[in-house]
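Okay, structure first, notes after.
In our numbering, the protein residues as written are 2 to 99.
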């Protein structure tokens, strides 16, 4: 009987919510299972490529969630102005005294 522990369930739930990361982990698992890779340097190249993609997707997801959280926090504080283009051209230079 194959019983999943709480950590297994937590990981599976996470991967269901993040299919892009699941695809990366599956690609890494495929490299391990691929018996056709006769040379270690080819396996290493593929692993490095997949880990770079995984890292990029992790950072992208982190940034999206960070932006989302920051927006939620900004919305909670009414006097906070959202980032954006300023309407003012700035303060004009003052005339010099002679």
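No residue lacks a Cβ here, since even glycine has one placed at the ideal position from N, Cα and C.
Extent of the continuous alpha helix (DSSP H) run through residue i
i          : result
residue 42 : 41-77
residue 20 : 20-34
Whole-angstrom distance between residue j and residue i, CA atom to CA atom
i          : j          : result
residue 32 : residue 48 : 7 Å
residue 4  : residue 11 : 14 Å
residue 41 : residue 77 : 54 Å
residue 46 : residue 27 : 16 Å
residue 72 : residue 35 : 44 Å
residue 56 : residue 75 : 28 Å
Burial state of residue i, where buried means 16 or more other Cβ atoms lie within 10 Å
i          : result
residue 69 : exposed
residue 66 : exposed
residue 25 : buried
Cβ distance (whole Å) where residue i is taken to contact residue j below 8 Å
i          : j          : result
residue 21 : residue 58 : 5 Å
Closest residue to residue i among the options (Cα-Cα distance)
i          : options    : result
residue 15 : 34, 62, 44 : 62
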